[in-house]
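Notes to accompany the following structure.
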């Protein structure tokens, strides 16, 4: 944990960085009463708009036990954009902003009752909020419950402070976040797997070996700091056998720690494994790099794997990339083997949005999106009969994924007009 007590630079213009604070007293009670996938909302708050008298409207959304089962050991935290009357009347359908989410634990001095905030985690995002699509953004695994309850007892009294900073411009003069976008130290690429000065070697069942430097690994990764620390037997070993990670995956992790970058020419299967290990090792920036690379590789052979992975881990970027590909290539995927694999994956549909029961309307919308034979025979009639008249579907569109679903159904309707016309006669 890092205390938020360091010196801060003054803002050039107070409006360039608006801050909203949301104190949560007895957060431990929320953890007890709110199961996974249930959330609490902050009050609505306004942030100023530069050179305009029309401010922005927001609120925060917090899942005390995670947004889904995969994130239940974490809190999930999001910023929600709310369309203002001004934006609605002027047909403004999106809002692009840079913002920062911060979580503090409040420690109380028993003698003075003064609370001191200690920063647990922060992260800065740049996001395009779409009022008819994806109107919230944040992190499924923002910070672990272990970091909020260091004693491991979820019944301990814990007070939190959630602070949201919204920037009208690039926040160059606001305090720098704990996690910088790039490493603030030089690259050591030439020293990776170089025997000069190396003091540890990692071995693998495949016979490969990697020479490394304890000080570099321990400085740049909490995982290696613990692995190579005094409390573990590995701290005294010159050669450490790696059993739970493939050689290529482990090498990619070390390459990131030495250079701050991602290796080139990594195959899709390797990237999937690297992505999961980045999450396990709590290397969030590394995971984002891998997700960016995977999103660029979506094709007819892997779109279903990427969509499944996105549902399992709750990654909106990968989910969007896979769904966008599905929309653009519906005629090629609708009868494919990969489509049948998606339809057979009930766990994936449950992971998609466990806020709702599996047979909820949103679940059915997602299911309908990927049905082939049933879509062709039933859904076009449903759309023509109900969608134009009662707006049944659009009344339930709440996320970008839902919008994509509607786009898919429109695409399928357009390809089945002849069949639909015959039925309506």
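Numbering (the UniProt record's numbering), first residue to last: 1 to 425. The C-beta atom is built at its ideal place from N, Cα and C for all residues, glycine as well. Because the structure is a prediction, the values reported are computed rather than measured.
Query: How big is the Cα-Cα spacing for residue 220 and residue 292?; Result: 22 Å
Query: How many Å lie between residue 239 and residue 155 at the Cα?; Result: 42 Å
Query: Are the beta-carbon atoms belonging to residue 145 and residue 120 less than 8 Å from one another?; Result: no
Query: Start and end of the beta strand (DSSP E) containing residue 246?; Result: Taken as a continuous stretch (DSSP letters only), residue 246 belongs to no beta strand (DSSP E), as it is neither H nor E.
Query: Please work out which residues of its chain come closer than 8 Å, Cβ to Cβ, to residue 290, disregarding the five sequence neighbours upstream and downstream, and give them in chain order.; Result: 262, 271, 274, 275 and 278
Query: Check whether the segment 90-97 and the segment 254-268 are in contact - that is, three or more C-beta pairs closer than 8 Å.; Result: no
Query: For residue 151, count neighbouring Cβ atoms within 10 angstroms of its own Cβ and tell me buried if that reaches 16, exposed if not.; Result: exposed
Query: By the 10 Å Cβ neighbour count, where 16 or more other Cβ atoms means buried, how is residue 36 classified, buried or exposed?; Result: buried
Query: Determine contact between the segment 157-164 and the segment 325-335, defined as no fewer than three beta-carbon pairs at a distance below 8 Å.; Result: no
Query: How should residue 207 be labelled, buried or exposed, when 16 other C-beta atoms within 10 angstroms of its C-beta is the threshold for buried?; Result: exposed
Query: Grab me the residues of residue 83's own chain with a C-beta within less than 7 Å of its C-beta, minus the 5 sequence neighbours each way, in chain order.; Result: 131
Query: Where do the ends of the alpha helix (DSSP H) carrying residue 317 lie?; Result: 316-328
Query: Give every residue of the same chain whose Cβ lies closer than 6 Å to the Cβ of residue 426, excluding the five residues on either side of it in the sequence, and list them in chain order.; Result: Outside the displayed span of the chain (1 to 425) sits residue 426, for which this structure offers no information.
Query: Kindly indicate which three-state DSSP category residue 138 falls into: helix, strand or coil?; Result: strand
Query: Name the residue from 80, 113, 107 and 327 whose alpha carbon lies nearest to the alpha carbon of residue 435.; Result: Residue coverage of the chain in this structure runs from 1 to 425, which leaves residue 435 outside it and unanswerable.
Query: Rounding to the nearest angstrom, what Cα-Cα distance links residue 137 and residue 62 in this structure?; Result: 11 Å
Query: Put residue 84 into one of helix, strand or coil per three-state DSSP.; Result: coil
Query: Hey, could you find the ends of the beta strand (DSSP E) residue 130 is sitting in?; Result: 115-130
Query: Measure how close the beta-carbons of residue 106 and residue 142 come, nearest whole angstrom, since I'm counting them as under 8 Å.; Result: 17 Å between Cβ atoms; not a contact.
Query: Could you tell me the boundaries of the beta strand (DSSP E) in which residue 21 lies?; Result: 17-24
Query: Using the three-state DSSP reduction, which class does residue 167 fall into: helix, strand or coil?; Result: strand
Query: Apart from the five residues on each side of it in sequence, which residues of its chain come closer than 8 Å, Cβ to Cβ, to residue 74?; Result: 66, 140, 141, 142, 143, 144 and 145
Query: Assuming residue 303 and residue 325 are in contact, meaning their beta carbons sit under 8 Å apart, how far apart are those beta carbons, in whole angstroms?; Result: 5 Å
Query: For residue 64 versus residue 41, is the C-beta distance shorter than 8 Å?; Result: no
Query: If you draw a straight line from the C-alpha of residue 19 to the C-alpha of residue 129, how long is it?; Result: 19 Å
Query: Could you spell out the range, first to last residue, of the beta strand (DSSP E) harbouring residue 102?; Result: 94-108
Query: Where residue 338 and residue 313 are concerned, what is the direct C-alpha to C-alpha distance, given to the nearest angstrom?; Result: 20 Å
Query: Where residue 203 and residue 246 are concerned, what is the direct C-alpha to C-alpha distance, given to the nearest angstrom?; Result: 10 Å
Query: Any idea what DSSP makes of residue 444, helix, strand or coil?; Result: The structure shown does not extend to residue 444, since the chain is modelled only from 1 to 425, so the question has no answer here.
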